[in-house]
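Just so we're aligned: the sequence shown equals residues 12 to 341 in the working numbering.
In this text, a Cβ means the ideal position worked out from N, Cα and C, and glycines have one as well.
Remember, predicted model here, so these are calculated numbers, not experimental data.
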Amino acid sequence: MDLNERIIDLMKRNKEIFLSGETMSKEIGITRSAVWKRVRDLRTRGYTIEASPSKGYRLLSAPDILSAQEIKRTLTGACHKNPLIIGKEIHVFQAIDSTNIKGMELGERGSPEGTIVLTETQTNGKGRLGRRWISPEGNIYLSIILRPKILPSEAPLITLMAAVASASALRKALNTGVNIKWPNDIILDGKKVGGILTEMNSETDRINYIVLGIGINVNMDLSILPPDVRITATTIKEKIGSDIRRTEILSLLIKELDRWYKIFLNEGPGPVLDEWRGLSQGIGKKVKVTSLDSVIEGLAEGIDDYGRLIVRLEGGRVEKVVSGDVTVIK
Ligand code: BT5
12 MDLNERIIDL MKRNKEIFLS GETMSKEIGI TRSAVWKRVR DLRTRGYTIE
62 ASPSKGYRLL SAPDILSAQE IKRTLTGACH KNPLIIGKEI HVFQAIDSTN
112 IKGMELGERG SPEGTIVLTE TQTNGKGRLG RRWISPEGNI YLSIILRPKI
162 LPSEAPLITL MAAVASASAL RKALNTGVNI KWPNDIILDG KKVGGILTEM
212 NSETDRINYI VLGIGINVNM DLSILPPDVR ITATTIKEKI GSDIRRTEIL
262 SLLIKELDRW YKIFLNEGPG PVLDEWRGLS QGIGKKVKVT SLDSVIEGLA
312 EGIDDYGRLI VRLEGGRVEK VVSGDVTVIK
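Printed below as a string of structure tokens:
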């Protein structure tokens, strides 16, 4: 932590209490005038710090900057009996190509399970099948390294697990319905508020590591998106009418991911699949499924135990789809 971070950390730990210049100078190990210079600098960076000659300094508000320290602070306490798997290491970047690309590099270099990569913006945000994930400032872009002992054919279950955890976190944060559309869309008010991209490094019968990437539209102005994407997309800000602190959402998201990942590891896919079925949109409806090599239409009957979409075609034949894009046919 640099000096500014240590001052912020100290003030956040003493929320709402004035700290004298003397206390701060002792705690941080710098002179009182150096404390004052740092406070002035922090104010120019968007922190609102009250300063009183008799009482000292008090932090009133902080800008919405992602900080590993702050996220970790929100995660401690909740789980000391059952330590978190996810979030043991958190790497935060200002701008990188893609948190999934960085996650794959870290996975290759042996970073432990649960390592998180976060960034303020992505210059090459990835969707599935070479598509682009538009990634301006103000949203959440995170990737998590996982090392589950499952078969490569079971990896799509990790996407479903993440969809269930993301929908659950957003439901808690917004106190409103959030749904899932197979295989990787998080849906708010019928529109895409988030997407999931699961990539892996595997051998024939084992997974070396998975990088679970999640993008959630939080405070972005929808007008940033090109018109064709805008009509199918939404943001949390659009829903609640104001900006929201991303750390609040991230903290819930990490806790829900940790909870659902543990359920998945301990109890197998059953509970994840049950929850997914309850949250999903489009099941029981007539759908068109576009895959890399085919387009089929039929009734979406559900998902099987590998997370594949079960589609009953007109003639009665059943197809199980591993990946594709689904549109509900009215
Ligand atoms: C996805 O792909 O939905 C997966 C998105 C995963 C993004 C995360 S961010 C952190 C991590 N690092 C990465 O590089 N990626 C992951 P797909 O289902 O293929 O949807 C892509 C399509 O969604 C695009 O072709 C656009 O039509 C639309 N789209 C692009 N950006 C969007 C956005 N910000 N919000 C809503 N829709 C968007």
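Helix, strand or coil: how does DSSP classify residue i here?
i: K192; result: strand
i: E165; result: helix
i: F29; result: coil
i: N135; result: coil
i: M211; result: strand
i: G206; result: strand
i: K299; result: strand
i: N15; result: helix
i: E61; result: strand
i: E38; result: helix
In angstroms with no decimal places, state the Cα-to-Cα distance between residue i and residue j.
i: D232; j: I207; result: 21 Å
i: E278; j: R270; result: 12 Å
i: S177; j: I155; result: 13 Å
i: I169; j: R328; result: 28 Å
i: E38; j: P74; result: 23 Å
i: I242; j: T338; result: 14 Å
i: A184; j: E267; result: 11 Å
i: S72; j: G281; result: 43 Å
i: E210; j: V175; result: 18 Å
i: N195; j: E325; result: 26 Å
i: S302; j: N111; result: 23 Å
i: R120; j: N212; result: 12 Å
i: I294; j: G226; result: 24 Å
Please tell me whether residue i and residue j are closer than 8 Å, where the distance is taken between their beta carbons.
i: I191; j: S291; result: yes
i: I314; j: I321; result: yes
i: K83; j: G125; result: no
i: I151; j: L284; result: no
i: I161; j: T130; result: no
i: L70; j: Y58; result: yes
i: I247; j: N228; result: yes
i: L276; j: K297; result: no
Could you please give the first and the last residue of the uninterrupted alpha helix (DSSP H) stretch that includes residue i?
i: Y272; result: 257-278
i: E249; result: 247-251
i: L290; result: 281-290
i: N111; result: 110-119
What first and last residue would you give for the beta strand (DSSP E) that runs through residue i?
i: K331; result: 329-332
i: D254; result: No beta strand (DSSP E) contains D254, which DSSP labels as neither H nor E.
i: I221; result: 218-227
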